[in-house]
Ligand code: NOJ
Ligand code: CA
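Spelled out as structure tokens, the structure:
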């Protein structure tokens with residue numbers, strides 16, 4: 001692959017706990033992931049991104065990192081991680097890992113040292129300890145300050161088990177430079193940066209949001225970029241959630257991150273005008289910077305796309321998650337197929353969250369006592385949270401655990417997933433898996449990095465061509481529309497009606 005592999009890559013997101021279990025304890029692991037690498041190669045993705053694989057008490061699904069230089073024992077060992085990187089590379093798959101710079105686990109050596117060392121110690125300066133709590137709220141609900149036995153309070157923007165680092169301390173900068181080198185030296189191709197915009201805090205401005213997008217945060221990423229440039233071809237992907245495109249774009253300046261997740265597209269409703277606007281804004285933001293856009297439909301933090309697109313309100317909002325809101329899954333499934341062809345045709349990179357290629361819906365009926373997401377208790381048991389998109393994958397067979405492993409999965413799988421296993425879909429030409437695989441194969445040669453040209457169409461239709469001559473049409477209206485002149489139908493998300501493209505259907509023409 002050329003030096004710029006990442007500009008047009010299809011990147012598959014692995015949530016290790018839920019991907020595949022190799023040792024039968026019901027929890028996904030590196031042995032399981034390694035055994036399924038041929039599946040990912042066959043699917044045709046260019047890279048995988050793994051959410052955190054470090055030792056962690058799992059207070060927040062691994063985003064509470066206890067040691068940035070090792071592997072969670074239930075997932076495997078550092079040696080296995082190195083083998084995994086080598087095996088992925090042999091199959092032509094790049095490896096992206098998650099780095100969590102805003103906070104660590106309260107079990108990390110540094111935080112334990114800070115607790116033991118007491119008020120005023122240098123060890124406490126690595127975090128935010130205060131004699132009085134501030135009034136910021138945790139993003140997971142409840143206060144953002146927790147008291148320790150000696151009376152001081154520490155800041156955690158997320159769960160209390162996730163103390164925030166103090167990024168005014170040079171030791172913190174040094175530590176993360178070392179961590180980046182540790183993984184780049186082991187062959188990791190890219191880093192996904194968790195909660196990238198909230199590292200720097202302004203406590204004094206009186207702003208309840210004084211941790212979002214403070215100017216000094218950009219210095220952190222400039223330093224990281226300089227470090228990455230010492231290696232060949234390593235990249236950063238920022239988790240930057242902003243409605244404001246201008247502020248978002250600042251993270252993509254040539255001396256900062258290479259790419260960032262396009263959450264505007266993810267949150268956009270299934271509506272032609274809104275999608276056109278999101279795509280146009282995205283292109284307008286990225287092109288002047290020379291940064292490739294990314295197209296994201298789902299991840300481990302949001303309700304699965306089949307469910308979202310089947311609801312009356314198809315937009316996404318973190319603040320109003322709509323957990324449990326009823327959905328027409330057939331409608332959502334049909335739209336998801338069309339959305340997949342749209343996302344894969346657009347210029348830039350595309351992300352596929354594990355299970356998206358199987359058309360899995362959100363699991364809405366996980367019993368409260370089995371839920372693991374800290375959002376559930378921290379919201380006073382009012383917001384079920386993100387477990388419904390993290391249910392272990394169905395691989396094969398007619399009943400749970402569906403080939404996930406041999407033990408009982410850490411979250412229960414719906415019985416109805418017998419029709420959605422990778423095995424059941426592999427031979428079915430009409431399945432979601434076949435659609436993704438076929439689309440990714442076409443995409444390899446004809447799509448990815450570049451630009452698009454909009455075609456004239458009615459307002460309810462998105463229509464554009466790419467440099468390769470491929471035309472993508474998506475019909476979001478209520479009536480079928482006539483296909484423009486073409487030589488071949490390369491792929492359609494659903495059956496065409498003669499020369500017409502039905503509602504909620506996408507087609508690739510050449
Ligand atoms: C974003 C991650 O995607 C999410 O899963 C996590 O809970 C927060 N950052 C905190 O690390
Ligand atoms: Ca396991």
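In our numbering, the protein residues as written are 1 to 510.
Glycine included, every Cβ here is placed at the ideal spot set by N, Cα and C.
In this structure residue 341 does not touch residue 105 by the C-beta definition: roughly 40 angstroms separates them, more than the 8 angstroms allowed.
Under DSSP, residue 164 takes part in a beta bridge, and its partners are 103. The Cβ atoms of residue 344 and residue 439 sit closer than 8 angstroms to each other. Taking C-alpha positions only, residue 207 is separated from residue 214 by approximately 11 angstroms. For residue 341, the uninterrupted alpha helix (DSSP H) segment begins and ends at 329–345. Scanning 246, 300, 318 and 305 for the CA closest to the CA of residue 285 turns up 246.
Apart from sequence neighbours up to five positions away, the residues of its chain that approach residue 410 with a beta-carbon distance below 6 angstroms are 26 and 27, ordered along the chain. Taking residue 498 as reference, the option from 487, 384 and 483 with the minimal CA-CA separation is 483. One thing to note: residue 288 has its Cβ no nearer than 8 angstroms to the Cβ of residue 347.
Those residues that bring their Cβ nearer than 5 angstroms to a heavy atom of ligand 2 are 21, 23, 25, 27 and 29. Look at residue 387 here: in three-state DSSP terms it is helix.
In this structure the segment 161–168 touches the segment 116–127; the number of beta carbon pairs closer than 8 angstroms is three or more. For ligand 1, no non-hydrogen atom lies closer than 7 angstroms to the CB of residue 324. Distance between residue 259 and residue 229, taken at the CA atoms: about 15 angstroms. Taking a cut-off of 8 angstroms on C-beta distances, the segment 313–331 does not touch the segment 391–400, as fewer than three cross pairs fall below it. Within the DSSP bridge table, the entry for residue 441 names no partner.
A check of alpha carbon separations from residue 488 across 235, 472 and 81 identifies 472 as the nearest. Annotation for residue 508: no alpha helix (DSSP H) segment contains it, though the beta strand (DSSP E) segment containing it runs 505–509. Per DSSP, the unbroken alpha helix (DSSP H) holding residue 39 starts and ends at 37–43.
In this structure, the CA atom of residue 200 is about 27 angstroms from the CA atom of residue 290.
Put simply, the backbone Cα of residue 76 is about 24 angstroms away from that of residue 422. Separation of residue 268 and residue 274 (C-alpha to C-alpha, rounded to the nearest whole angstrom) is 7 angstroms.
The Cβ-Cβ distance between residue 383 and residue 313 does not fall below 8 angstroms. Set against 7 angstroms, the gap from the CB of residue 300 to the closest heavy atom of ligand 1 is smaller.
DSSP places residue 262 outside both helix and strand once states are collapsed to three, so it counts as coil. Short note on residue 158: C-beta closer than 7 angstroms to some heavy atom of ligand 1. DSSP places residue 145 outside any alpha helix (DSSP H); the residue lies instead in the beta strand (DSSP E), whose first and last residues are 145–147.
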